[in-house]
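Here is the structure we will look at, set down as structure tokens.
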Amino acid sequence: MSCLDFEKLIALDVEGDLPERKAAKLGQHLKACRNCQAFAERLQASQALVKSLAQEPADEAMLEEVRQRVLRGIAAESEPHRFQAWRFALGAVLVATVIFAAVTLWRPRGPLHVARASRPQSRERLAPTAPRRGQDALATAGEAAALRPVRETSKQAPTQAVRPAPTAPEYSRTGTDRASLVFRSRKQPRGSLTASVKPPQPAQLTVKLVTDDPNVVIYWLLD
Amino acid sequence: MESDELALRMTGSAPEVEGSGSVEEQILKRALAGDRVAFDRIILRYERQVLMTAWRLLGRREEAQDAAQEVFLRLYRYRHHFDERRPLLPWLYRMTVNVCHDLHRKRRQDDALAAGEVDQAKLAYDPAGEITRSEQRRIIQAALKTLTEKERAAIVLRDIEGLATKDVAGILGSSETTVRSQISTARVKIRKFVDTLERKRS
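What follows is the structure in structure tokens.
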């Protein structure tokens, strides 16, 4: 090892960072090398200077300034959270308003629309039960009452009431729908029954009633 | 509580409170829970170590203040992730080194070397022929600037802050062997810097 290599060992040994085995080797070299001895002495002096920095008093004004800056920084960082809380609250209010408005303005579509929007697959699904429902499914009093005029009309003008099925027959999905259809057809002949009710004519009003059976369509002629 | 705080600041260690851990632990716990007053006490307790370490690492007062501020702000930001059972000081040292590294990277690297040369020229002028204590410190401060960033961090933590080599290795995320090598190189460099200065004087 050269003196240059021993300098590094001296630099560690001066603060006790050198392992014993290497320290012993260095000790032997120092006994023989005056240059390294001198370097070790000078290194101890510079180390004393370095370590004296630890005793250097901190500038109190500097410390206070840092502390104030940190506290201000913490306060500033808390501000956005408060702002975010406000934004969150505002957003929640807006969402609630939109939901309220949607619920208030929303009008559920009536059964007639269901009937009008009926599609072939609905017919297929209901087809097996349709003939039975046509006569028997009118179990409730409401349904019976609703269809009473139809039966009467059928008796009065059977040849006119029963016609061949239209190409795109309209029918109710359920018996309840049909009852609603009939009920509405009485109250709103010109409103939601636009598709079923023929345009009013000066002399005669014709009401078209749809049954579960797509082959049976009842027309009610009113004077 | 006042006397506890005084004890904290003077001795650096907190008195034990029977059955409830040290006062320092309690203050740290409260500070990490968001108590501003407790956090203020934590700053009071550790600001000297953080600021002076940053000053040694950066060599500039204003930057050291910026670094110290950032270290405590990071502690506040990440307080929920801090394990209160672990000692705070090593974490603060590690954060100080990291923040100073970031600041150092932002500053152009040749700046530090140039500053060291300027200081050396200034220090070489000594009309009285004697080196005062404050001047000695300036010499060492200038010598620190001639070190690499890692060497400087190792020597500041080991020799100035007085930490054990093992702790320095833990803070810097290096092996003890690496830290020993950095310390050794740094001490030799400092000695040679002072030798050069003395030769100029004579």
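If you read the sequences in order, they're chains A and C.
Quick note: the first sequence uses our numbering, first residue 9, plus one each step.
Quick note: the second sequence uses our numbering, first residue -6, plus one each step.
No residue lacks a Cβ here, since even glycine has one placed at the ideal position from N, Cα and C.
- Here Y71/C carries a coil assignment [DSSP, helix/strand/coil].
- If you draw a 10 Å sphere on the C-beta of Q36/A, you find fewer than 16 other C-beta atoms in it, and that means exposed.
- For V16/C, the uninterrupted alpha helix (DSSP H) segment begins and ends at 16 to 25.
- Among the CB atoms of chain C, one or more fall inside 8 Å of the CB of M70/A.
- Within the model, the alpha-carbon separation for Q19/C versus R77/A is close to 24 Å.
- Unbroken alpha helix (DSSP H) stretches of 4 residues or longer found wholly inside the stretch 143 to 185 of chain C: 158 to 165, given in chain order.
- CA-CA distance, Q52/A to G24/A, rounds to 12 Å.
- Q55/A reaches chain C at D152, R180, I183, R184, counting residues in chain order whose Cβ is nearer than 9 Å.
- When secondary structure is reduced to three states using DSSP, V22/A falls in the coil class, being assigned neither helix nor strand.
- A distance below 8 Å separates the beta carbons of D152/C and Q55/A.
- Within the same chain, Cβ atoms closer than 7 Å to the Cβ of A47/C are found at A57, A60, A61, T89, C93, the five residues on either side in sequence being excluded.
- Contact check for E49/A against V181/C fails: the beta carbons are separated by 8 Å or more.
- In chain order, T158, K159, A162 place their CB closer than 7 Å to the CB of E169/C, counting only its own chain and leaving out the 5 sequence neighbours on each side.
- Under DSSP, T214/A takes part in a beta bridge, and its partners are L229/A.
- E154/C counts as buried, since at least 16 other C-beta atoms from the protein chains shown sit within 10 angstroms of its C-beta.
- Only residues of its own chain outside the window of five on either side were considered, and among them C11, F14, E15, I18, H37, L38 have a CB closer than 8 Å to the CB of C44/A, listed in chain order.
- Counting along the chain, S127/C sits inside the alpha helix (DSSP H) bounded by residues 126 to 138.
- Within chain A, the residues placing a beta-carbon under 7 Å from that of A61/C are V74, ordered along the chain.
- Here Q129/C is near L57/A, since their CB atoms are less than 8 Å apart.
- Just so you know, the alpha carbons of G81/A and R98/C end up roughly 23 Å apart.
- By the neighbour-count criterion, in which 16 or more other beta carbons inside 10 Å mark a residue as buried, P222/A falls on the buried side.
- Counting the other Cβ atoms within 10 Å of the Cβ of Q175/C gives 16 or more, which makes it buried.
- For Q52/A, the enclosing alpha helix (DSSP H) starts and ends at 42 to 60.
- Neighbours of R77/A in chain C, taken as residues at a C-beta separation under 8 Å, are given in chain order as Q58, Q62.
- Shown here, G52/C sits in coil according to DSSP, grouped into three states, outside any helix or strand.
- If you check the CB distance, Y86/C and I164/C come in under 8 Å.
- By the neighbour-count criterion, in which 16 or more other beta carbons inside 10 Å mark a residue as buried, V64/C falls on the buried side.
- Distance from the CA atom of D67/A to the CA atom of K185/C, rounded to whole angstroms, is 30 Å.
- Taken in chain order, the members of the stretch 139 to 164 of chain C whose beta-carbon sits within less than 9 Å of a beta-carbon on chain A are I148, V149, R151, D152, I153, E154, G155, T158.
- For N223/A, the three-state secondary structure derived from DSSP is coil.
- Counting along the chain, W84/C sits inside the alpha helix (DSSP H) bounded by residues 81 to 99.
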